[in-house]
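Trainee: Before I ask anything, let me first share the structure, which is written out below as structure tokens.
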Amino acid sequence: MAGRTQTASEYIKHHLQNMTYGQLSDGSWGLAHNAEQAKEMGFMAIHVDTMFWSILLGVFFLWLFRKAAKNATSDAPSGLQNFIEMIIEFIDSSVKGSFNGRNAMVAPMALTIFIWVFLINFMDLIPVDWLPQVAALIGQYIFGMDPHHVYFKVVPSTDPNATFGMALAVFMLSLFFSFKIKGVTGFFGELTMHPFSSNNKIVQLMFILPNFILETVALIAKPLSLSLRLYGNMFAGEMIFILIALMYGGGWALGIFGGFLQLGWAIFHILIITLQAYIFMVLTIVYMDLAYQTAEDH
Amino acid sequence: MNINLTLIGQTITFFLFVWFCYKFVWPPLVNALAERKKEIADGLAAAERGKHKQKLAEKRSAKVLHEAKGQASEIIGRAEKRASEIVEEAKSDAKLEGERLLITARGEIDQEVNRAKDQLRQQVAALVVAGAEQILKREIDAEAHSQVIDELVTQL
């Protein structure tokens, strides 16, 4: 907390540092003790906290829905089934509204994205110090670590790795289905024959390069914007929570004010986390729909 | 902010979750929803059919009722006709019977009259004879004159 000997800047930096496991500079494997060490680990490192929370929440989501799915009957639904069915119908209508292809995988994927991202984002609403403090205590008393070196980021979607990972998966799927539906010629035709086209063969040939550049940029922009939108929103929200949490170290008056601020921001943030999960889902559906659109639809 | 293996890990995790959801979560829930939709649609259709049937039955019952009423009034009409016929028959029978009775009565009366006439005649004859006897006691032989008197009696 800010009440410790940490400065405000250190406090913020501490909160923004993932628990990173990788090869240390002395050649041994372990957790990075500070940001510099984490950076030195390069690509061959993993964010333990991000993976832990995203997998935990994903498993929770699947467990909950699997439980409802097992007991699903066509009789009058009650309790959990009712709630789950509401979500399912919401997702189903969203998918049917924007996805015109025939693919049984898109709807479950949309459901997974919506709930998983929502749950991940929801971690943002838990007061910023609670879980890191618990992690610090566990690190100190169970693993014998210096509590100041236990970094613990609770919200996976504030880690660009997580959002890029998801967007990458969506990107791969959309490429895969694009290839599958349009074939190699159709796929590359889409990349090279638009947006400039001409009936003259030679002119068309000249257009290939600019078309390819433009279309490739557009193609790459999809996963980038998808992941950066979620990451940016969640990171900013988290940052504001951290800044509000700093106020608790500034005396009781500022602390109480900070409490109200945190409450207000959290209530507002409920909207943001849901909206971001929804946007991520809808854009995924749209990208999948684009993958299914053949050249004639343009 | 470091990009590292977490990226790959997340991608793999994502695929696994989507696969699980696709395999074990989505189908049963959607099937349940579809089944319920079908059940509701079937139920509504059945209700509609039932309503239609009820309407038909009502129509039929009204028709049957109407027919029954017609039949009943016909029967009543026939019965009334028959009753008046019976009455008429009885009347004519009674008339005939009366006439017959009248005829026999008349016959009997005639008979009685004749018998009475006969008796009267005989009595008158006897009286005449007696009177004549009284008058003619001395001068007329009863036996000789009885033949004349008998002739007289038959003439009465």
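Protein chains in written order, with numbering that gives the first Met the number 0: chain A, 0 to 297; chain B, 0 to 155.
By construction, the Cβ of each residue, glycine as well, lies at the ideal position given by its N, Cα and C atoms.
1. For GLU107 of chain B and ALA115 of chain B, I'd like the C-alpha separation in whole angstroms.
2. So what does DSSP say about ILE271 of chain A, is it helix, strand or coil?
3. Interface residues of chain B around GLU84 of chain A at Cβ under 8 Å?
4. Would you please verify whether the beta carbon of SER8 of chain A is less than 9 Å from any beta carbon of chain B?
5. According to a CB-to-CB cut-off of less than 8 Å, which residues of the segment 41-54 of chain A neighbour chain B?
6. Please confirm whether LYS52 of chain B has its beta-carbon closer than 9 Å to some beta-carbon of chain A.
7. Specify the secondary structure class of ILE141 of chain A as computed by DSSP and reduced to three states.
8. Pop quiz: PHE301 of chain A and ASP123 of chain A are said to be a contact at Cβ under 8 Å. What is the actual Cβ separation, rounded to whole angstroms?
9. Which ranges does the alpha helix (DSSP H) cover as unbroken runs of at least 4 residues, wholly within the segment 70-157 of chain A, from first to last along the chain?
10. For GLY8 of chain B, decide whether its Cβ has a neighbour in chain A, counting only Cβ atoms nearer than 9 Å.
11. Which residues does DSSP list as the beta-bridge partners of TYR247 of chain A?
12. Any idea if VAL112 of chain B is buried or exposed, counting beta-carbon neighbours within 10 angstroms, 16 or more meaning buried?
13. Where does the unbroken alpha helix (DSSP H) through TYR298 of chain A begin, and where does it stop?
14. From which residue to which residue does the beta strand (DSSP E) around ALA44 of chain A run?
15. I'd like to check one pair, MET287 of chain A with LEU102 of chain A: are the Cβ atoms closer than 9 Å?
16. To the nearest angstrom, how far is the alpha carbon of VAL152 of chain B from that of GLN133 of chain B?
17. Hey, does LEU43 of chain B have any beta-carbon neighbour from chain A nearer than 9 Å?
18. Can the beta-carbon of PHE206 of chain A be found closer than 9 Å to that of SER196 of chain A?
19. What residue does the alpha helix (DSSP H) around LEU6 of chain B start on, and which one ends it?
20. Return no unless some Cβ of chain B is closer than 9 Å to the Cβ of GLN132 of chain A.
21. Would you say MET287 of chain A faces chain B, with C-beta separation under 9 Å as the test?
22. Under the rule that 16 or more other beta-carbon atoms within 10 Å means buried, what is VAL339 of chain A, buried or exposed?
23. Once DSSP output is grouped into helix, strand and coil, what is the label at GLY76 of chain B?
24. DSSP state of LEU30 of chain A, grouped into three classes?
25. Flag this pair as yes or no: are the beta carbons of GLN162 of chain A and LEU245 of chain A separated by less than 9 Å?
26. Sort out for me which residues DSSP pairs THR19 of chain A with in a bridge.
Mentor: Put simply:
1. Taking the first residue of the second sequence as position 1, residue 107 of chain B is located at position 108. Taking the first residue of the second sequence as position 1, residue 115 of chain B is located at position 116. About 12 Å.
2. Walking along the first sequence from the start, residue 271 of chain A turns up at place 272. Reduced to three states, the DSSP call for ILE271 of chain A is helix.
3. Against the first sequence, residue 84 of chain A aligns to sequence position 85. Neighbours of GLU84 of chain A on chain B, chain order: LEU28, ALA31, LEU32.
4. Taking the first residue of the first sequence as 1, we reach residue 8 of chain A at position 9. Cβ-Cβ to chain B under 9 Å: no for SER8 of chain A.
5. GLY41, PHE42, MET43, ALA44, ILE45, HIS46, THR49, MET50, SER53, ILE54
6. One-based indexing of the second sequence puts residue 52 of chain B at position 53. No, its Cβ sits nowhere closer than 9 Å to a Cβ of chain A.
7. Here the question's residue 141 of chain A lines up with position 142 in the first sequence. Reduced to three states, the DSSP call for ILE141 of chain A is coil.
8. Any property of residue 301 of chain A remains undetermined from this structure, which presents chain A solely from 0 to 297.
9. 78-97, 105-121, 129-140
10. By 1-based counting over the second sequence, the position of residue 8 of chain B is 9. It does; some Cβ of chain A falls within 9 Å.
11. By 1-based counting over the first sequence, the position of residue 247 of chain A is 248. Answer is none; TYR247 of chain A lacks a bridge partner.
12. Indexing the second sequence from 1 puts residue 112 of chain B at position 113. Per the 10 Å Cβ criterion, exposed.
13. This structure leaves residue 298 of chain A out entirely; chain A is present only between 0 and 297.
14. Here residue 44 of chain A is taken as the residue at index 45 of the first sequence, counted from 1. 44-46 is the extent of the beta strand (DSSP E) around ALA44 of chain A.
15. Residue 102 of chain A sits at position 103 when you count from the first residue of the first sequence. Residue 287 of chain A sits at position 288 when you count from the first residue of the first sequence. Sequence check: residue 102 of chain A is Asn here, not Leu. It is a contact, given that the beta carbons lie within the stated cut-off.
16. Here residue 152 of chain B corresponds to residue number 153 of the second sequence, with the count starting at 1. Here residue 133 of chain B corresponds to residue number 134 of the second sequence, with the count starting at 1. So the alpha carbons of these two residues sit roughly 18 Å apart.
17. For the purposes of this step, residue 43 of chain B is taken as the residue at position 44 of the second sequence. Chain A contact via Cβ: absent.
18. For the purposes of this step, residue 206 of chain A is taken as the residue at position 207 of the first sequence. For the purposes of this step, residue 196 of chain A is taken as the residue at position 197 of the first sequence. Their beta carbons are under 9 Å apart, which means PHE206 of chain A touches SER196 of chain A by this criterion.
19. Start at 1 with the first residue of the second sequence, and residue 6 of chain B comes out as number 7. Where LEU6 of chain B is concerned, the enclosing alpha helix (DSSP H) stretches over 5-19.
20. Translated into positions along the first sequence, residue 132 of chain A becomes position 133. It does not: the Cβ of GLN132 of chain A has no partner Cβ on chain B nearer than 9 Å.
21. To locate residue 287 of chain A, count along the first sequence from 1; it is residue 288. False, the Cβ-Cβ gap to chain B never drops below 9 Å.
22. With chain A running from 0 to 297 in the structure shown, residue 339 of chain A is simply not present.
23. In the second sequence, residue 76 of chain B corresponds to position 77, counting from 1. In this structure, GLY76 of chain B counts as helix in the three-state DSSP scheme.
24. The count along the first sequence starts at 1 and reaches residue 30 of chain A at position 31. It is a strand residue.
25. Taking the first sequence and counting its residues from 1, the one referred to as residue 162 of chain A is at position 163. Taking the first sequence and counting its residues from 1, the one referred to as residue 245 of chain A is at position 246. Here residue 162 of chain A is Thr; the residue named in the question, Gln, does not match the sequence. Against a cut-off of 9 Å, the Cβ pair of LEU245 of chain A and THR162 of chain A comes out as no contact.
26. For this step, residue 19 of chain A is matched to residue 20 along the first sequence. Looking at the DSSP assignment, THR19 of chain A forms a beta bridge with A:HIS46.
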